[in-house]
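Contents: one structure, followed by commentary.
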Amino acid sequence: MQALKLIVTALACAALVPLASAQQPTVRIGVVQPLTGPVAYDGNIYVNTVKMLVDDMNAKGGVLGRKIELVIEDGACNPAQSVNAAEKLVVRDKVVGLLGAFCSTSTAAMMEVAKKYKIPHITGISTAAQLTEQGNPYFFRAVATTPMLGNSFGGELPALVKGKRFAFLTLNDDWGRSMVASYPASLQKAGGEVVAQEFFQQSDLQFLSQITKIKAANPDAIILAANTQQAAALSKQIRELGVTVPLIGEGSWTSDSYIKLAGPSAEGVIGLVEYVYTIKNPINDAFVKEFQAKLKDNPSKFAGAAHNAISIMVDAIRRAGSADPEKIREALEKTDYNGLVGNIRFTDKHQAYGQTVYAAQVKNGVPQVVKTATIAKP
Amino acid sequence: MQLAILGQHLLNGVLIGCAYALIAMGLTMIFGVMNIANFAHGEFYMLGGFLAFYLVSLVGLNYFAALPTAVLLVVALAVVLQHSIFRRLRDAPTMTTTLVTIGLSILLENTALLLWGPQPQSIPTPFPAKPLSFAGIYTTPLYLFSMAVTAALILIGHLVIRRTRMGKAMRATFQNKEASALVGIRIDRIYMLTFIFGAALAAAAGAVLGGFIPVEPTMGGVITLKAFVVVILGGMGSFVGAIVGGLLLGLAEALGAGYLSSGWKDAIGFFAVILVLLFRPEGLFKRA
Chain A
16 MQALKLIVTA
26 LACAALVPLA
36 SAQQPTVRIG
46 VVQPLTGPVA
56 YDGNIYVNTV
66 KMLVDDMNAK
76 GGVLGRKIEL
86 VIEDGACNPA
96 QSVNAAEKLV
106 VRDKVVGLLG
116 AFCSTSTAAM
126 MEVAKKYKIP
136 HITGISTAAQ
146 LTEQGNPYFF
156 RAVATTPMLG
166 NSFGGELPAL
176 VKGKRFAFLT
186 LNDDWGRSMV
196 ASYPASLQKA
206 GGEVVAQEFF
216 QQSDLQFLSQ
226 ITKIKAANPD
236 AIILAANTQQ
246 AAALSKQIRE
256 LGVTVPLIGE
266 GSWTSDSYIK
276 LAGPSAEGVI
286 GLVEYVYTIK
296 NPINDAFVKE
306 FQAKLKDNPS
316 KFAGAAHNAI
326 SIMVDAIRRA
336 GSADPEKIRE
346 ALEKTDYNGL
356 VGNIRFTDKH
366 QAYGQTVYAA
376 QVKNGVPQVV
386 KTATIAKP
Chain B
9 MQLAILGQHL
19 LNGVLIGCAY
29 ALIAMGLTMI
39 FGVMNIANFA
49 HGEFYMLGGF
59 LAFYLVSLVG
69 LNYFAALPTA
79 VLLVVALAVV
89 LQHSIFRRLR
99 DAPTMTTTLV
109 TIGLSILLEN
119 TALLLWGPQP
129 QSIPTPFPAK
139 PLSFAGIYTT
149 PLYLFSMAVT
159 AALILIGHLV
169 IRRTRMGKAM
179 RATFQNKEAS
189 ALVGIRIDRI
199 YMLTFIFGAA
209 LAAAAGAVLG
219 GFIPVEPTMG
229 GVITLKAFVV
239 VILGGMGSFV
249 GAIVGGLLLG
259 LAEALGAGYL
269 SSGWKDAIGF
279 FAVILVLLFR
289 PEGLFKRA
């Protein structure tokens, strides 16, 4: 009896071994996004989009004949937590590429991990200019920076809102500060002037003091930087304090969740965005259709960012012909990707250019494109 | 114009200050009577807001019925927490109870995140959104309503503590636990009432403010910190201190952000705490 058991066990083991080796290892991509904390809502949209797209890619055979496996970690928009998450993804999960983080400050911290372990890293969201000025060879940015958006649209704003006096009310972080530093140049060239600059913290949900102070400066329009939750609270409170001037925002100002949450106060808001779901092209039509079917919503700009980031990463792995991080990095440098928002290539500093950016105005709850621009090679 | 702006800053300060005061009152009571630094206090505020949102928009309850119902549900939770956790820790050292409340705060926040997801919500209110203006100072019916409710609750809380038998028993327990037990005050009951009282005030603040400040699972953390600022300013365990401290913090933030720099708004309160701890550690309103 004992001998029989031994033989059965041995046979079973022998049968298992070839099975295990026939199983191709997956290509692991690490994602760090805020799943908790102040921008958790937008971070979750990004993660759900990446999951949806990777499922599609795997259904079509994955990449290099192997399945793509996502390893997702919560960075909470907190630099320390994002660094820990990235370290874990690289050291323990052995990912070959990194996507993330969300907030510029967290991305700045996370890209040092990518450099240390020589793992290619793409952000699709963080727009603070200095990220790509550091010459980090492993870091790529698949989105226009705040100064690039400012250069594209700053000169148009005085005509768009028919006014000259602009006030800034932005998040007090790398993103908001870089907006306040970069927009005024092109605004002033077009005859505009800056009459107030106010900031709020990531954790703030009431902005009455800042709004009152801006009101005292009597602007013709307010330029804001905020994501869904703060954007909704801002536009509501601005209107509640009797300020009726046009609002122009970078961030979630054209997403459905913002429009729903802000209610009537979202009407007329102009968002300067990298993606809006009402644009017309075949890739976007298919994307919106699938997104609505599977995630029951219209894709926000974070879904668009996720689409760009994961597509560019997988495209590079395919062209590299290998899951070796160094080869992927080299392939990323040669990116010439045609996607959701047009053609994307990278400069020597790994900054994306060539894509279209949009100024979209909320009309009857739907963001309509009122102006487009193409990001020129800097 | 300048006067209207000043008036607007003062009004903003009082609106937010009343909410700070309401939340800090409960925190200071729980600290004074039960000797617990309740780091989960902001979570009661968050739960009040979330439950009010769900009662109004999902259950379809009338707004004015949903607010007290949300508070009652939080009270029920407070009864369970007090009965199952804090009653057992009555004689535990402060460090133990502090760690328990920190754990509880993480537990409640993540439970809310699991149940309701991370998306922010706004409680639909029956008030018209159109702002009202008096001499260039703007407000909305909802702002006036929340100011009235928070101010009324502060007054009621004050009267309960000062004028009722229960309040007297709470104050006695605060002064000397053993002596109160000796004269026949049921300490367990006083603890329960104090905890409920604190949780209810915080939940009421969350439910009322949720009309114009979006509610989301992680909103409690900052509120807990702000409430601690108020409690330290006013003196740990000082009831009047919490009320005056709350209003002071609201006004200091509004005026500081308005006339100094909005980037420093949150720093003002914490800076004040450092100064108070250095020069008047017993708090501004507590007789040492």
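Listed in order, the protein sequences are those of chains A and B. Under our numbering, residues 16 to 393 are what the first sequence spells out, in order. Under our numbering, residues 9 to 296 are what the second sequence spells out, in order. Note that beta-carbon positions come from the ideal geometry of N, C-alpha and C, so glycine has one too.
- [ ] For the beta strand (DSSP E) containing Glu-208/A, list its first residue and its last residue.
- [x] Residue range 208–215 is occupied by the beta strand (DSSP E) that includes Glu-208/A.
| request: Have a look at Glu-289/A, Val-385/A and Val-195/A and flag the residue whose alpha-carbon is nearest the alpha-carbon of Gly-369/A. | output: Glu-289/A
### Within chain B, the residues that Phe-215/A reaches when beta carbons sit closer than 7 angstroms
Ser-270
Are any of the Cβ atoms in chain B nearer than 8 angstroms to that of Gly-380/A?
no
Note the first and the last residue of the continuous beta strand (DSSP E) segment covering Pro-314/A. It is not in any beta strand (DSSP E) - Pro-314/A carries neither H nor E in the DSSP assignment.
- [ ] Kindly indicate if chain B contains any beta-carbon less than 8 angstroms away from that of Thr-227/A.
- [x] yes
Please tell me whether Thr-138/A has its Cβ less than 8 angstroms away from any Cβ of chain B.
Between Thr-138/A and chain B, the shortest Cβ-Cβ separation is not below 8 angstroms.
Answer with yes or no whether the minimum CB distance from Glu-171/A to chain B is below 8 angstroms. no
* **Backbone CA spacing between Pro-382/A and Gln-376/A [nearest angstrom]** => 5 angstroms
**Prompt:** Helix, strand or coil: which one does DSSP assign to Gln-376/A?
**Reply:** Gln-376/A: strand per DSSP, three-state reduction.
query = Closest by CA to Gly-214/B, which one among Phe-47/B, Leu-59/B and Leu-35/B?
reply = Leu-59/B
*Please classify Ser-36/A: is it buried, with 16 or more other beta-carbons within 10 angstroms of its beta-carbon, or exposed?*
Any reading at Ser-36/A must be qualified, since the residue scores a pLDDT of 43, below 50, and its modelled position is unreliable; the value itself is stated next. Its Cβ having fewer than 16 others within 10 Å, Ser-36/A is exposed.
(Q) So, at 7 angstroms on beta carbons, what are the nonlocal neighbours of Ala-281/A in its own chain, with the 5 sequence-adjacent residues on each side left out? (A) Ser-250, Tyr-273, Ile-274 and Val-377
- Query: Mapping DSSP to helix, strand and coil, what is Leu-69/B?
  - Reply: coil
Residues of its chain near Val-108/B, where Cβ-Cβ distance is below 7 angstroms and the 5 sequence neighbours each way are ignored: Ile-93 and Leu-97
* CB contact flag (Ile-137/A, Ala-157/A, <8 angstroms) -> yes
Q. Are the Cβ atoms of Ile-140/A and Phe-155/A separated by less than 8 angstroms?
A. no
Item to check | Positions along the region 247–273 of chain A whose CB lies within less than 9 angstroms of some CB in chain B | outcome: Residues of the region 247–273 of chain A that bring their beta carbon within less than 9 angstroms of a beta carbon in chain B comprise Ala-247, Ala-248, Lys-251, Gln-252, Arg-254, Glu-255, Leu-256, Gly-257, Val-258 and Ser-272, in sequence order.
Looking at the unbroken beta strand (DSSP E) that takes in Thr-202/B, where does it start and where does it end? Premise fails: Thr-202/B lies in the alpha helix (DSSP H), 195–217, not in any beta strand (DSSP E).
Indicate the three-state DSSP secondary structure (helix, strand or coil) for Asn-166/A in the structure shown.
helix
Exposed or buried, which one is Tyr-53/B when buried takes at least 16 other CB atoms within 10 Å? buried
When the distance is taken between beta carbons, is Leu-79/A closer than 8 angstroms to Val-69/A? With contacts defined by Cβ atoms closer than 8 angstroms, Val-69/A and Leu-79/A do not form a contacting pair.
- Query: Terminal residues of the continuous beta strand (DSSP E) containing Pro-40/A?
  - Reply: Segment: none, Pro-40/A is in no beta strand (DSSP E) and carries neither H nor E.
Check your understanding: Any chance the region 183–196 of chain A sits against the region 241–249 of chain A, with 3 or more Cβ pairs inside 8 angstroms?
Key -> yes
message: Can you look up Glu-224/B in the DSSP assignment and give me helix, strand or coil?
response: coil
- Task: Determine, using beta carbons only, whether Lys-309/A comes closer than 8 angstroms to chain B.
- Result: With a threshold of 8 angstroms between beta carbons, Lys-309/A makes no contact with chain B.
**Asked** Can you give the beta carbon distance from Gln-225/A to Phe-215/A, rounded, assuming they're within the 8 angstroms contact cut?
**Response** 6 angstroms
Step through the CB atoms of chain A and report whether any lies within less than 8 angstroms of the CB of Tyr-62/B.
no
inquiry  = Considering only their Cβ atoms, is the gap separating Gly-191/A from Ala-129/A smaller than 8 angstroms?
reply    = no
_Asn-242/A burial status per 10 Å Cβ neighbour count (16 or more: buried)_ = buried
### Query
Counting along the chain, where does the alpha helix (DSSP H) carrying His-17/B start and finish?
10–42
message: Less than 8 angstroms between CB atoms is the rule here; does Asn-242/A satisfy it with respect to chain B?
response: Interface annotation, Asn-242/A: not in contact with chain B, CB-CB separation never under 8 angstroms.
Tell whether a beta-carbon distance below 8 angstroms holds between Pro-49/A and Gly-90/A. yes
* Asked: What first and last residue would you give for the alpha helix (DSSP H) that runs through Tyr-352/A?
  -> Careful: Tyr-352/A lies outside any alpha helix (DSSP H), inside the beta strand (DSSP E) at 351–354.
| said: Let me confirm a value: Ala-29/B is counted as buried when at least 16 other C-beta atoms fall within 10 Å, else exposed. Which label applies? | reply: buried
message: I'd like to know whether the C-beta atoms of Thr-181/B and Ile-195/B end up nearer to each other than 8 angstroms.
response: Contact: yes.
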